[in-house]
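Going down the list, the protein sequences come from chains A and B. Here the working numbering is used: the first residue of the first sequence is 562, the next is one more, and so on. Here the working numbering is used: the first residue of the second sequence is 5, the next is one more, and so on. Just so you know, even glycine gets a beta-carbon here, dropped at the ideal spot from N, CA and C. What follows is a single structure, written as structure tokens, with notes after it.
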Amino acid sequence: MSDIVIISGSPSELSRSEKLLQYIGSTMRKEHYSVTFISIKDIPAEDLVQGNYESPVLQQITQHIQEASGVIVGSPVYKAAYSGVLKALFDLLPQDVLYDTYVLPIMTGGSPSHMLAMDYALKPLVSTMKGLPLKGLYYIDSQLDKHQENPIIDEEILDRTKKQLFYFLEKIGLKKSISNATIR
Amino acid sequence: MKIIGISGSIVGTKTRIAVEAVLDKLKAQHTNIEVELINLGDYQLVFSDGRDYRDYTGDTKTVIDKIMSADAYIIGTPIFQASIPGTLKNLLDLLPNTVFKNKIVGMLATGGTARHYLVLEQQLKPILSYMGAMLVPKYVFVEEKCFQNKAIIDDEVLLRLAKLGNDTLHMAAALKEIMKTQESAHLY
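In structure tokens:
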């Protein structure tokens with residue numbers, strides 16, 4: 562059982578959003594939280610496409626999410642919404658899989674224009690799975706450099722990231738602040 | 005063909021300026037159409053109380069009658085608290101719910117930053133669709149930085165606004181033809 566489950570909904574091989582989520586995961590680990598990282602790419606494509614509810618991988622994922630204290634869900638913005646594969650995963654999970662669980666939504670997009678995809682697409686999905694969505698973080702591609710160890714290269718969004726992660730940890734009852742030393 | 009531009013706010017000038025930019029361009033390019041601006045700031049509308057739309061009086065009646073008489077619309081809205089202003093929603097509430105049936109509506113928004121671009125997609129479009137409107141698919145979002153000295157200074161935005169007006173007009177003209185064909189075929 563992990564404190565935090567991170568779900569990355571990017572199907573892309575070299576993904577900004579996944580790199581960002583991995584970085585967030587590693588900072589949480591440095592703060593001694595246990596983190597389970599689930600990438601959509603680790604799930605057999607046949608299971609997702611064919612809607613295989615019996616898939617052992619999906620059952621394992623369900624268990625991870627149900628036992629987590631908090632969940633971070635990340636996706637790139639595709640066509641003003643979350644990615645189709647992320648939805649394909651949620652379609653196969655029990656509809657109350659996020660029951661009473663705080664969820665930090667994270668999205669990355671090419672321009673500021675689709676920031677509200679988080680409020681109009683991702684948060685309703687979290688709510689319908691009985692999760693409790695927090696404010697969330699939206700990153701514009703130019704604020705990220707996926708080749709850096711810390712991909713967040715914009716100061717302002719880095720500050721917001723720290724604040725949101727702090728709130729997230731506070732909410733899930735693991736009241737430890739993220740020190741400035743950890744996120745650089 | 006009558007096209008009405010609606011500026012959906014009673015405060016500020018940017019939305020009115022953007023709607024006017026669309027109407028002015030239309031007027032300059034087409035002599036055979038009638039255009040009119042309804043700037044909500046120029047009228048004292050009452051709150052919708054659920055009565056029949058024909059029973060309102062004064063400014064409220066004037067605005068409702070004007071809107072009922074048009075063939076197509078350019079609806080402009082500012083973004084307040086990541087949503088459309090109450091003044092615009094109240095105007096829509098005052099109208100009968102089929103007011104935009106067989107009419108074309110083009111939309112534009114003005115706002116501080118493009119971060120609220122999807123407000124029209126998710127809030128204004130569903131309301132107008134419910135009210136029967138055929139929507140011009142692409143709307144224009146004019147950011148604050150495009151304005152200077154009470155004018156739009158971004159040429160690309162001005163082009164997009166001109167296109168919005170033309171698309172609205174052409175869709176309205178095409179719809180008229182379709183209606184005519186349907187009538188003559190007794191399908192309608």
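I need the straight-line Cα distance from residue i to residue j, nearest angstrom please.
i, j, result
"residue 564 of chain A", "residue 580 of chain A", "20 Å"
"residue 648 of chain A", "residue 568 of chain A", "12 Å"
"residue 115 of chain B", "residue 121 of chain B", "8 Å"
"residue 49 of chain B", "residue 102 of chain B", "20 Å"
"residue 173 of chain B", "residue 732 of chain A", "52 Å"
"residue 601 of chain A", "residue 639 of chain A", "15 Å"
"residue 738 of chain A", "residue 730 of chain A", "The pLDDT assigned to residue 738 of chain A is 45, lower than 50, so where the model puts this residue is not dependable; a value taken from the coordinates is nonetheless given after this. Those two C-alpha atoms are separated by around 8 Å."
"residue 740 of chain A", "residue 591 of chain A", "Low local confidence applies: a pLDDT of 48 at residue 740 of chain A is under 50, so the model's placement there is unreliable, and no value is given."
"residue 736 of chain A", "residue 677 of chain A", "Note that residue 736 of chain A has pLDDT 44, beneath the 50 cutoff, so the model's placement of it is unreliable and no number is given."
"residue 621 of chain A", "residue 562 of chain A", "11 Å"
"residue 716 of chain A", "residue 695 of chain A", "21 Å"
"residue 105 of chain B", "residue 149 of chain B", "36 Å"
"residue 162 of chain B", "residue 43 of chain B", "20 Å"
"residue 646 of chain A", "residue 128 of chain B", "29 Å"
"residue 692 of chain A", "residue 55 of chain B", "41 Å"
"residue 41 of chain B", "residue 20 of chain B", "8 Å"
"residue 187 of chain B", "residue 181 of chain B", "10 Å"
"residue 625 of chain A", "residue 611 of chain A", "22 Å"
"residue 33 of chain B", "residue 171 of chain B", "13 Å"
"residue 123 of chain B", "residue 88 of chain B", "8 Å"
"residue 585 of chain A", "residue 711 of chain A", "9 Å"
"residue 179 of chain B", "residue 728 of chain A", "53 Å"
Rounded to whole angstroms, how far is the Cβ of residue i from the Cβ of residue j, which I believe are closer than 8 Å?
i, j, result
"residue 7 of chain B", "residue 37 of chain B", "6 Å"
"residue 165 of chain B", "residue 39 of chain B", "With a Cβ gap of about 14 Å, residue 165 of chain B and residue 39 of chain B do not count as contacting."
"residue 76 of chain B", "residue 107 of chain B", "6 Å"
"residue 714 of chain A", "residue 704 of chain A", "6 Å"
"residue 117 of chain B", "residue 673 of chain A", "6 Å"
"residue 95 of chain B", "residue 22 of chain B", "Contact flag wrong, Cβ pair sits at about 17 Å."
"residue 605 of chain A", "residue 616 of chain A", "7 Å"
"residue 668 of chain A", "residue 635 of chain A", "7 Å"
Mind checking who residue i pairs with in its DSSP beta bridge?
i, result
"residue 617 of chain A", "Answer by DSSP bridge pairing: none, since residue 617 of chain A is not bridged."
"residue 658 of chain A", "Its beta-bridge partners do not exist; DSSP assigns none."
"residue 698 of chain A", "A:667"
"residue 152 of chain B", "B:155"
"residue 6 of chain B", "B:38"
"residue 598 of chain A", "A:567"
"residue 138 of chain B", "B:108"
"residue 642 of chain A", "A:639"
"residue 121 of chain B", "DSSP output for residue 121 of chain B lists no bridge partner at all."
"residue 633 of chain A", "A:567 and A:665"
"residue 693 of chain A", "A:663"
"residue 705 of chain A", "A:713"
"residue 672 of chain A", "Note: residue 672 of chain A sits in no beta bridge, so no partner."
By DSSP, does residue i sit in helix, in strand, or in coil?
i, result
"residue 740 of chain A", "Note that residue 740 of chain A scores a pLDDT of 48, beneath 50, so its modelled location is shaky; the value from the coordinates is reported in the next line. Three-state result, residue 740 of chain A: coil."
"residue 86 of chain B", "coil"
"residue 144 of chain B", "strand"
"residue 727 of chain A", "helix"
"residue 102 of chain B", "coil"
"residue 38 of chain B", "strand"
"residue 712 of chain A", "coil"
"residue 588 of chain A", "helix"
"residue 612 of chain A", "coil"
"residue 77 of chain B", "strand"
"residue 115 of chain B", "strand"
"residue 677 of chain A", "coil"
"residue 69 of chain B", "helix"
Could you work out which residue in the options is closest to residue i when comparing CA atoms only?
i, options, result
"residue 643 of chain A", "A:625, A:627, A:584 and A:670", "A:670"
"residue 17 of chain B", "B:34, B:31, B:174 and B:46", "B:46"
"residue 572 of chain A", "A:616, A:723 and A:637", "A:637"
"residue 132 of chain B", "B:182, B:180 and B:109", "B:109"
"residue 142 of chain B", "B:95, B:184 and B:175", "B:175"
"residue 597 of chain A", "A:727, A:632, A:672 and A:682", "A:632"
"residue 78 of chain B", "B:144, B:55 and B:125", "B:144"
"residue 675 of chain A", "B:134, B:183, B:86 and B:97", "B:86"
"residue 664 of chain A", "A:593, A:687 and A:589", "A:687"
"residue 119 of chain B", "A:566, A:712, A:641 and A:710", "A:641"
"residue 582 of chain A", "A:605, A:698, A:611 and A:662", "A:698"
"residue 709 of chain A", "A:570, A:650 and A:577", "A:577"
"residue 701 of chain A", "A:685, A:719, A:684 and A:689", "A:719"
What do you reckon, is the C-beta of residue i under 7 Å from a heavy atom of the ligand FMN?
i, result
"residue 95 of chain B", "The model depicted lacks the ligand FMN and carries no ligand whatsoever."
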